[in-house]
Structure formats: structure tokens, C-alpha cells
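Counting in my numbering, the sequence shown runs from 3 upward without gaps.
Note that CB positions come from ideal geometry on N, CA and C, so glycine has one too.
Here's the structure we're looking at; comments come further down.
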Amino acid sequence: MLRLNTAVAGMARRADGKPGWTLALANKDGATTNEDFDFVAVCTGQFNEPRELHCRGEGSFLDQGGQILHSSKYGDPKLAKGRRVVVLGGSKSATDIAVNAVKSGAREVTIVMREPVWRIPYFIGGLVNFKRILYIRAQEEMFPGWGIGAMSRLAYRLTAPLVWANWRGLESLLKAQLKLGKCKMVPKERIEDGVNCSVPIATPGFYPMVADGRIKAVFGTFDHYEGDSIVMSGGERIGADVAVLAIGYKLGVPFLPEAYQQKLVDADGQYRLYRLIANPDLPDLGFVGFNSSFCTVLCADLAANWLVRYADGQLKNQPTQREMRDNIEMMLHFKRVERPAAGVYGGLCVAPYHYRHFDELMADIGTKTQKRGGLAGHFQPPDADAYAKFLASAPEYRAAV
Ligand SMILES: Cc1cc2nc3c(=O)[nH]c(=O)nc-3n(C[C@H](O)[C@H](O)[C@H](O)COP(=O)(O)OP(=O)(O)OC[C@H]3O[C@@H](n4cnc5c(N)ncnc54)[C@H](O)[C@@H]3O)c2cc1C
3 MLRLNTAVAG MARRADGKPG WTLALANKDG ATTNEDFDFV AVCTGQFNEP RELHCRGEGS
63 FLDQGGQILH SSKYGDPKLA KGRRVVVLGG SKSATDIAVN AVKSGAREVT IVMREPVWRI
123 PYFIGGLVNF KRILYIRAQE EMFPGWGIGA MSRLAYRLTA PLVWANWRGL ESLLKAQLKL
183 GKCKMVPKER IEDGVNCSVP IATPGFYPMV ADGRIKAVFG TFDHYEGDSI VMSGGERIGA
243 DVAVLAIGYK LGVPFLPEAY QQKLVDADGQ YRLYRLIANP DLPDLGFVGF NSSFCTVLCA
303 DLAANWLVRY ADGQLKNQPT QREMRDNIEM MLHFKRVERP AAGVYGGLCV APYHYRHFDE
363 LMADIGTKTQ KRGGLAGHFQ PPDADAYAKF LASAPEYRAA V
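Written as C-alpha cells, this is what we have:
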């Protein structure tokens with residue numbers, strides 16, 4: 003049953019003591035009704051509530067005709083035509099908008115970002131689709147994963163020089179292909195230390211436009227607005243008609259009661275989710291699509307297949323509460339200590355461990371096949387059709403009644 007024009011305004015454990023939750027459902031007029039449900043799957047996404055940034059002088063910048071908008075509101079290229087556009091942010095939305103503003107006839111385009119980051123072109127070396135290099139098992143296996151034993155750690159140590167050479171080779175290729183030196187955009191961080199969901203694709207045209215001055219790059223952030231200018235944290239003053247804030251989205255589940263928020267998210271923002279889907283201390287509740295990545299739709303689909311079985315106690319490897327808690331602690335240690343880059347987006351980013359995550363979900367579900375075999379299987383990016391076949395080999399699932 004679809005309930006359109008309805009927002010979940012709040013939720014609470016059922017007052018009648020039965021399993022499940024009472025949801026406060028708000029219609030488009032704001033009127034709220036309460037309704038009981040046995041199980042709740044939260045699929046509210048991580049990219050739908052824009053982050054905000056307010057700086058001193060904003061009011062007078064707006065009063066004198068300036069415009070400030072979040073990147074998600076930049077839908078009409080006419081916004082940029084003949085105007086001075088300043089884009090704040092260093093990820094894919096920011097570079098997409100800067101390039102679009104140039105193409106749409108902006109008078110001046112400036113991009114303001116904290117520091118240069120590695121960006122991956124659609125075709126590495128101009129030839130090979132990036133998915134065939136970065137999303138394959140062979141590449142993923144170069145990153146030590148979680149919960150590995152002493153033998154695996156030794157193997158990683160022995161092969162470290164080869165892996166190191168692989169990354170330096172990729173960095174050299176990217177520097178040459180994207181002309182990062184000429185653009186003064188060579189990142190300080192080693193590429194392998196930062197591979198996660200926040201490594202953006204290089205918007206075609208971005209670096210050439212920086213190199214020839216059509217896009218001016220400034221490192222830092224907005225400090226304040228003054229008249230029709232924006233003053234940067236480094237003191238530079240940039241004239242602006244439009245400020246586009248490409249600063250991302252708020253992560254969170256605002257309708258969950260505070261006591262349960264604390265069970266879900268630690269003080270440092272890390273999510274406590276087993277397999278990035280369920281928490282043993284949040285009963286009758288699961289999260290789909292929180293396991294974000296470069297192929298979030300496939301992640302969400304597999305999480306949904308996992309969650310229905312978990313909810314009905316029909317996973318082949320149905321975890322106990324103790325196993326879930328221990329696993330969550332192990333994963334949090336991995337993200338906080340062993341691979342801090344895995345802690346971005348509240349630790350919910352699957353990249354670069356797509357296959358490791360999918361293998362765990364398939365094993366839990368009990369599919370007979372979990373991976374494409376042979377050498378070829380190590381060099382193919384995740385493929386939704388292959389996972390549909392693996393799922394078809396799982397024990398038949400029927401919803402409990
Ligand atoms: C600019 C941009 C580019 C992206 N590119 C990619 C990409 O190339 N590949 C990729 O895999 N992913 C990409 N993503 C991530 C993308 O968000 C996901 O792939 C996908 O949209 C996630 O789907 P979802 O259904 O989980 O969440 P969403 O698409 O965010 O949907 C969430 C839904 O929940 C609803 N909702 C939220 N709160 C409530 C509430 N309280 N009550 C009722 N309804 C509520 C929202 O209205 C919305 O309909 C991109 C995201 C952005 C912003």
C-alpha cells in the first residue's frame with residue numbers, strides 16, 4: 003500500500019507492549035495521525051536534507067541583490083548567465099556546477115574548496131572505464147579489510163611494495179592526464195589513504211577550465227559576506243552575484259526518539275549498524291540504502307533482501323544479539339583506528355569494500371553462489387544482474403505471517 007504526500011514526523015515504541023512502532027504520520031496539510039506497524043524499514047536516504055551554512059553579512063549580501071542557494075537548487079543554467087558565480091565545495095556537485103556555469107555563459111566562475119583531492123576521470127588514461135580499475139576485486143584486495151587474521155596481515159606486509167608501486171603509478175597517471183601540476187591541484191594525501199565514497203569523479207572539462215582560467219580555484223572556505231563580495235578564510239575577496247553552496251547533506255534520522263538516536267549513532271557520528279542495516283538495540287527496525295557507495299541502488303537492493311529475512315529470522319546466518327554487538331565494535335575499531343577513511347559519512351560508506359560487503363550479505367542470506375569465479379571474476383565491477391542470479395540460488399524466502 004502506498005501512502006503518498008505523507009511524512010513520518012515521529013516514532014515511538016508501541017504503547018500496547020506489542021513488537022513494533024507507532025508512527026506519527028503527517029499529511030500535506032500538517033495534520034498528524036498515529037498508526038501501529040510491526041516492523042519499520044527506514045529508507046530515507048542520506049542525501050535529501052541539504053546542509054546549511056550561514057556567514058556574517060549574509061543579510062546585506064542578499065539585500066543588495068545577491069543570491070545564495072544550495073547545490074540541489076541549481077537546476078536552471080539561466081541562473082548563471084552573465085553573472086559572477088562562486089561555488090563553495092570540492093566534490094562532484096561543486097565541479098559539475100562550476101563547469102555548467104562556465105558553459106552557461108557566467109561572467110566569472112570561482113570554486114572555493116578546502117584542499118585539492120584526488121578525482122577519478124571516467125576513462126583512466128583516456129581509455130579504460132574507471133569502474134574496470136577501481137571497482138574490481140583485484141583492486142579491492144589491495145586494501146586490508148576488517149577482521150583479518152595474522153596470515154593475511156603478513157601477506158599484506160609482504161606485498162606492500164607492489165601495492166605501493168601500483169598506487170604511485172595511478173597517481174602519476176592522474177597527474178599527467180588531468181594536468182594537476184599546471185592546475186596547482188596536486189593533493190597532499192596519498193590516493194590509497196582516501197579511497198572512499200568522497201572520492202569524486204572528475205567532471206569532464208573541469209581541469210582544462212581551471213588550467214586556462216575560466217574557473218578560478220581558491221583554497222579555503224567562506225569567512226563572511228561584505229557588500230557584493232565574499233571574503234574567504236584566507237582573506238581573498240571575490241565579487242559575487244550568486245553563491246552556490248555545494249556542501250552536501252545532513253546525515254540523520256530526525257524522527258527517531260532521542261534515546262534511540264543515542265543507540266544508533268555514537269558521539270563521534272559513527273553509526274552502530276550490523277552490516278550497515280540493523281542494530282540489536284533498535285528492535286523491529288532496519289535501514290535500507292544506508293550502505294552507500296558508488297552503486298547505492300545495488301547496495302540498497304541487497305540490503306532489502308537481507309533485511310526481510312533478518313526481520314523474519316530467516317537468514318541462513320541469523321546473528322544473535324551478542325554477535326551483532328561484537329561485530330559492530332570490531333567494525334567501529336576498524337573505522338576509527340585501522341582505516342580512518344572508512345569513517346566518512348558516519349562510517350556508512352561501503353567503498354572501496356563493495357565485494358567484501360556483498361559477500362557478507364550473500365553468505366548471510368545463504369546464496370549458493372556469491373561471486374563470479376575465475377580470474378575474470380577478479381577484474382569485473384559489481385553487476386546487478388549477477389547478484390540477481392546469486393539471490394535466485396538462495397533458500398526460498400516467504401514472509402512470516
Ligand atoms: C548529486 C547526487 C549524485 C549522486 N550520484 C550517485 C551515483 O552516481 N551513484 C550512486 O550509487 N549514488 C549516487 N547518489 C546517491 C543517491 O542519493 C542514491 O544513489 C539514491 O538516491 C539513494 O536512494 P534512496 O532511496 O536510498 O534515498 P533517496 O533517493 O534520498 O530517497 C529518500 C526518500 O525518503 C523520503 N523521506 C525522507 N525523510 C522522510 C520522512 N521523514 N518521511 C517520509 N519520507 C521521507 C524522501 O522524500 C525521499 O523520497 C547521488 C546523490 C546525489 C545527491
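For P163, the three-state secondary structure derived from DSSP is helix.
Under the three-state reduction of DSSP, L71 is assigned to strand. In the DSSP assignment, M234 falls within the beta strand (DSSP E) that extends over S231 to M234. One residue list follows from the rule of a beta carbon closer than 6 Å to any heavy atom of ligand 1, given in chain order as A9, V10, C45, T46, G47, F49, N50, S95, F257, G291, F296, C297, T298, V299 and A302. Bounds of the alpha helix (DSSP H) holding W308 are T298 to A313.
Y262: member of the alpha helix (DSSP H) spanning E260 to L266, first to last residue.
Of the residues assessed, V403 falls on the exposed side of the cut-off, its CB having fewer than 16 other CB atoms within 10 angstroms. Sorting L393, E143 and T35 by C-alpha distance to the C-alpha of T371 places L393 at the top. In this structure, I279 places its C-beta atom within 7 Å of the C-beta atom of L309.
A103 places its beta carbon 7 Å or farther from that of I113.
Secondary structure of G92 (DSSP, three-state): coil. Proximity of the stretch 246–263 to the stretch 39–52 meets the contact definition, three or more beta-carbon pairs being nearer than 8 Å. Distance from the CA atom of F39 to the CA atom of A378, rounded to whole angstroms, is 45 Å. Put simply, the stretch 349–368 touches the stretch 143–160. At least three CB pairs are less than 8 Å apart.
Annotation: the continuous beta strand (DSSP E) that includes L247 extends over V244 to L247. Bounds of the alpha helix (DSSP H) holding Y357 are H356 to I367. Residue burial annotation: A365 is exposed, with fewer than 16 other C-beta atoms found within 10 angstroms of its C-beta.
DSSP places M332 in the uninterrupted alpha helix (DSSP H) bounded by Q323 to H335.
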